[in-house]
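First the structure, in the form of structure tokens, and then the observations on it.
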Amino acid sequence: MMLQLAGALYALTLGVAEPAPAESMVVFADAIYTSTGDVIENGAVTITDGKITAITPGETPGDGDLHVGAITAGMVDLSAHMLGYESVEQSSEITPQLRAEHAIDWFGVAWQRQASSGVTTVLVSPSDRNVIGGLSVAVKTAGQPSLEQRAVKRDACLRGAMGSEPSSGNHPAFGRPTDFYSRRPTTRMGVEWEWRKSFFDAAQGRADGAEPTAQAAGLLEVLDAKRPLFIQTWATQDIRTAVFFKEEMATEGFGEINLILDAAAEAWREPELLVRSKTAIVLPPFPDSGRTRDNAFMALSTAKQLVDLGVPVALSSHGAGQHRDRLGMQGALARRGGMSLEEALQAVTITPAKMIGIDDRVGSIEVGKDADLALWNGEPFQATSRVVGTVVDGELIVDPR
Amino acid sequence: MILSTITAAALVFAFAAEDSSGAETATPTPATTASPTGTATPTTKAEELTLSLQPINAERAVAFKADRLYLGDGKHIDDGIVLVQDGVIHKVGSDVQIPEGVSVIELKGMLSPGLIASHGYEGLGGESTDSTRAVLPEADISIAFKPSHLDFAASLEAGVTSIVLAPSTSMLVPGTTAVVKTAGGKIVRRPAQLQVVLSGDALSYNRFPTSHAGAMAELDRLFSEPEGQIARAVSGNLPVLIAVNDRADIARATDFAGRYRLRGALYGSLWAEDVIDLIAGSGLGVVCDPFDVGDDGRSMRSVVALANRGVRLGFGLDAPGRSPENLRFGAALCVREGLDPKLALKAMCGDAAAIAGVERRVGRLERGLDADLVLWSGDPTELTSSVLAVYIDGKLVHGGGE
Chain R
61 MMLQLAGALY ALTLGVAEPA PAESMVVFAD AIYTSTGDVI ENGAVTITDG KITAITPGET
121 PGDGDLHVGA ITAGMVDLSA HMLGYESVEQ SSEITPQLRA EHAIDWFGVA WQRQASSGVT
181 TVLVSPSDRN VIGGLSVAVK TAGQPSLEQR AVKRDACLRG AMGSEPSSGN HPAFGRPTDF
241 YSRRPTTRMG VEWEWRKSFF DAAQGRADGA EPTAQAAGLL EVLDAKRPLF IQTWATQDIR
301 TAVFFKEEMA TEGFGEINLI LDAAAEAWRE PELLVRSKTA IVLPPFPDSG RTRDNAFMAL
361 STAKQLVDLG VPVALSSHGA GQHRDRLGMQ GALARRGGMS LEEALQAVTI TPAKMIGIDD
421 RVGSIEVGKD ADLALWNGEP FQATSRVVGT VVDGELIVDP R
Chain S
8 MILSTITAAA LVFAFAAEDS SGAETATPTP ATTASPTGTA TPTTKAEELT LSLQPINAER
68 AVAFKADRLY LGDGKHIDDG IVLVQDGVIH KVGSDVQIPE GVSVIELKGM LSPGLIASHG
128 YEGLGGESTD STRAVLPEAD ISIAFKPSHL DFAASLEAGV TSIVLAPSTS MLVPGTTAVV
188 KTAGGKIVRR PAQLQVVLSG DALSYNRFPT SHAGAMAELD RLFSEPEGQI ARAVSGNLPV
248 LIAVNDRADI ARATDFAGRY RLRGALYGSL WAEDVIDLIA GSGLGVVCDP FDVGDDGRSM
308 RSVVALANRG VRLGFGLDAP GRSPENLRFG AALCVREGLD PKLALKAMCG DAAAIAGVER
368 RVGRLERGLD ADLVLWSGDP TELTSSVLAV YIDGKLVHGG GE
């Protein structure tokens with residue numbers, strides 16, 4: 061007893077905690093949707109030290125136990141907007157060496173929005189004001205505000221934009237150019253030229269045996285398929301341009317790019333191209349009117365159409381600024397458009413996780429994976445269902461009780 | 008054998024290099040304040056012994072008697088004596104034997120070490136930045152100040168005897184800071200810290216970088232293959248002072264400092280309360296933002312939170328944009344919000360010196376340190392107390408008259 065007390069005092073004085081006992085938690089549910097095709101009725105998920113350690117069927121919760129209608133894996137949002145101010149590097153259009161992780165606003169309201177809507181991992185990408193903005197980072201939506209604590213995968217993919225976003229606003233409204241805002245490119249053709257020129261220069265430089273610049277190195281890593289290339293393409297012409305670009309790189313013998321298209325609202329218009337090029341698709345939030353940016357049209361059935369073709373499809377929130385854009389609601393809209401529950405579930409969990417190679421840690425409920433869970437009050441994606449609780453790394457971030 | 012000789016030679020060289028860029032090179036020291044110990048303060052037992060055995064020369068020594076001595080480390084002694092010879096403190100205590108013939112100055116009031124402002128632009132005439140570029144780590148702020156500038160007289164009136172002069176925060180790596188005295192033009196240490204700016208202040212609309220990601224890519228490039236002052240910072244020979252504004256800046260800064268194992272301090276305390284674990288875990292000290300009337304209570308609460316977690320603190324001042332009186336004023340505001348007055352004074356004395364790497368020169372009343380003293384009418388952290396006299400290197404430089 062005295063010894064224990066002395067030990068505690070010693071730990072206190074030194075400011076070091078004794079090895080903490082294993083933190084354990086059990087969540088009971090009427091149904092557990094694992095994202096692996098299984099649904100476990102009346103089950104429980106056991107969490108120890110931030111990992112899922114057991115999934116047991118036929119468990120009955122006792123009084124005071126944490127019990128919800130349904131459990132799914134924490135959702136994964138590949139198109140989250142989590143950057144602070146001053147996140148555009150205007151001094152160049154091609155900045156593959158920059159990392160969005162350094163521009164993250166850890167204290168924005170979007171984190172709370174995402175976590176409380178059951179999203180536990182987001183991919184934070186550079187802004188699309190640059191043609192090639194830089195490297196994206198996959199991070200958890202809750203925990204200490206530091207990369208070390210929150211990053212699931214750094215340099216997860218290279219982000220760029222093919223459409224009108226990097227070219228818009230580059231002219232001053234009037235008068236003479238005075239700063240970087242009057243920079244190139246100013247058209248789609250200019251954007252596409254920047255892509256091809258930078259990649260050709262990088263590949264040519266390597267062929268000539270030159271030491272790659274930081275910029276070239278970032279592009280070569282994509283050509284070597286070290287990480288996927290994640291391109292924003294809303295409209296059909298941009299989707300086509302991106303795929304043609306990928307195919308041109310292969311034809312030239314520069315490399316085989318692993319391509320993911322973000323915000324590809326009109327992907328449904330080019331089914332053959334997507335299947336042929338094995339391109340993965342991230343859809344923007346379903347629009348109210350059918351029209352998205354650049355007048356690209358998509359319908360509630362778009363996700364279903366693509367998944368039926370065998371194209372990997374992920375839904376996204378684009379920052380979850382509007383309530384209806386949140387990922388759980390997107391799943392509901394996709395179901396309305398014809399997706400099965402399992403298809404909609406995978407489109408917000410394991411499919412996006414696989415796209416950027418973090419499915420070893422997140423995206424499904426399996427023993428050994430991170431304890432990231434969305435807790436629902438009923439069957440996911442039903443009109444009456446919503447996320448009532450969230451667990452990130454075993455921590456109950458939002459308590460449903 | 009040859010190898011060890013070379014290693015030894017290299018060590019000596021490294022030491023010499025460190026020393027040459029250290030204290031008092033090209034210092035316009037007035038003859039009257041020349042110290043017998045030169046640049047060196049007693050760092051070894053032997054040196055300390057030599058100093059203690061050194062006979063007091065009554066003509067060059069002086070004893071200050073005061074009602075109370077604030078030692079600069081949070082402690083105080085009532086009815087104490089500071090025995091000074093050649094501008095250097097020889098002995099401090101309540102029972103110091105004053106040798107025969109040493110003149111005694113009986114002071115009515117309380118004596119503290121001279122206050123240290125942990126960030127300032129005095130005497131620079133506004134020329135503290137090179138706006139055409141983002142990175143100039145070799146810029147040495149100590150070559151830019153004019154010792155006779157009136158800014159320094161104002162500092163003396165506020166009891167400030169040393170200032171950490173800093174290049175402006177509008178560049179990514181604007182250069183190095185220097186610790187200078189507010190009278191006599193003495194440079195205590197240069198370079199003192201390498202300043203790095205992770206706040207939005209370093210970003211510009213018309214030169215690289217314009218973004219935080221661009222800034223960090225540039226810093227990674229510079230720090231992963233370091234040269235010059237950056238190499239000294241990476242090897243631990245030069246502390247860093249990382250300017251931050253908001254919480255995201257602090258998260259970036261602690262991450263950055265951890266990645267390159269940098270030691271030093273953050274400059275910017277406004278949001279510290281919210282990210283206290285990051286700061287406390289980083290081992291970095293914090294130089295607080297200057298305070299103004301009407302500041303949000305958060306500013307002061309952050310300082311209290313930092314102090315409670317044992318984070319080493321200093322107070323920035325950024326005069327001449329602000330009155331030097333703001334230094335003590337800011338500390339008093341923090342005391343009002345719950346900061347221990349002893350810690351407040353320590354942050355303006357011993358801790359400020361430690362953050363700037365001059366704790367063996369100034370900031371405390373201790374044997375071997377410069378006799379920079381301020382006589383107060385009362386507790387220095389009380390705003391009702393006023394400065395009665397200021398001594399630098401044992402010499403009266405302000406007040407003292409009847």
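Residue numbers (my numbering), protein chains in the order written: chain R, 61 to 461; chain S, 8 to 409.
C-beta atoms are modelled at their ideal positions from N, C-alpha and C, and glycine is treated no differently.
Does any residue of chain S bring its CB to less than 8 angstroms from the CB of residue i?
i	result
R/Trp294	no
R/Val99	no
R/Gly110	no
R/Thr155	yes
R/Pro186	yes
R/Glu146	yes
R/Glu205	Residue identity differs from the one stated: residue 205 of chain R is Pro in this sequence, not Glu. Yes, contact with chain S.
R/Val367	no
R/His141	no
Cα separation between residue i and residue j?
i	j	result
R/Asp268	R/Arg396	54 angstroms
R/Asp348	R/Glu326	15 angstroms
S/Pro106	S/Ala258	55 angstroms
S/Leu346	S/Leu277	15 angstroms
R/Asn190	S/Ala354	45 angstroms
S/Glu3	S/Gly357	Outside the shown range of chain S, which is 8 to 409, sits residue 3 of chain S, and nothing can be said about it.
S/Ser110	S/Gly406	19 angstroms
R/Gly391	R/Val422	18 angstroms
S/Ala38	S/Gly191	Reliability of the predicted coordinates at S/Ala38 is poor, the pLDDT of 35 falling under 50, and no value is obtained from them.
R/Ala263	R/Val303	18 angstroms
R/Val452	R/Ile418	15 angstroms
S/Thr36	S/Asp85	The predicted model places S/Thr36 with a pLDDT of 36, which falls under 50 and marks its position as unreliable; any figure quoted below should be read in that light. If I take the Cα positions, the gap works out to 33 angstroms.
R/Gly449	R/Thr94	17 angstroms
Buried or exposed, going by whether 16 or more other CB atoms sit within 10 Å of the CB of residue i?
i	result
S/Gly304	exposed
R/His383	exposed
R/Pro412	buried
S/Thr261	buried
R/Met135	buried
R/Asn318	buried
S/Asn333	buried
S/Thr40	Reliability fails at S/Thr40, whose pLDDT of 35 lies under 50, so the model's placement of it is uncertain and no value is given.
S/Asp284	exposed
S/Arg196	buried
Can you list, in chain order, the residues of its chain with a C-beta nearer than 8 angstroms to that of residue i? Leave out the 5 residues immediately preceding and following it.
i	result
S/Asp302	Leu340
R/Ala374	Val136, Leu138, Ala340, Ile341, Val342, Leu343, Ala407, Val408, Thr411, Pro412, Met415
R/Phe167	Pro205
Could one say the Cβ of residue i lies closer than 8 angstroms to chain R's Cβ atoms, at least one of them?
i	result
S/Met223	yes
S/His83	no
S/Leu390	no
S/Leu210	yes
S/Thr261	yes
S/Pro181	no
S/Thr217	yes
S/Arg254	yes
S/Val69	no
S/Val282	yes
Under 6 angstroms Cβ to Cβ from residue i, same chain only, skipping five residues before and after it: list those, please.
i	result
S/Arg140	none
S/Leu380	Leu118, Tyr398
S/Leu390	Ala339
R/Leu433	Ile131, Gly134, Val451
S/Ala70	Ile88, Leu90, Ile105, Val109, Val111
For residue i, collect the residues of the same chain with a Cβ closer than 7 angstroms to its Cβ; drop the 5 residues on either side in sequence, then sort them by chain order.
i	result
R/Asp284	Gly315
S/Gly116	Ala73, Asp74, Leu382, Trp383, Ser384, Leu395
R/Ser187	Leu143, Ser147, Val148, Gly193
R/Gly398	Ser361, Lys364
R/Lys278	Residue identity check: residue 278 of chain R is Gly in the sequence provided, not Lys. Excluding sequence neighbours, R/Gly278 sits near Pro156, Gln157, Leu218.
Give a single yes or no on whether residue i has its beta carbon closer than 7 angstroms to a heavy atom of the ligand ZN.
i	result
R/Phe346	The model depicted lacks the ligand ZN and carries no ligand whatsoever.
Subject >> alpha helix (DSSP H) segments (min. 4 residues) lying fully within the region 323-361 of chain S >> reply: Listed in chain order, the complete alpha helix (DSSP H) runs (minimum 4 residues) inside the region 323-361 of chain S are 333-343, 348-355.
Subject >> Inside the region 344-418 of chain R only - alpha helix (DSSP H) runs reaching at least 4 residues >> reply: Fully enclosed alpha helix (DSSP H) runs of 4 or longer: 362-368, 387-396, 401-408, 410-415.
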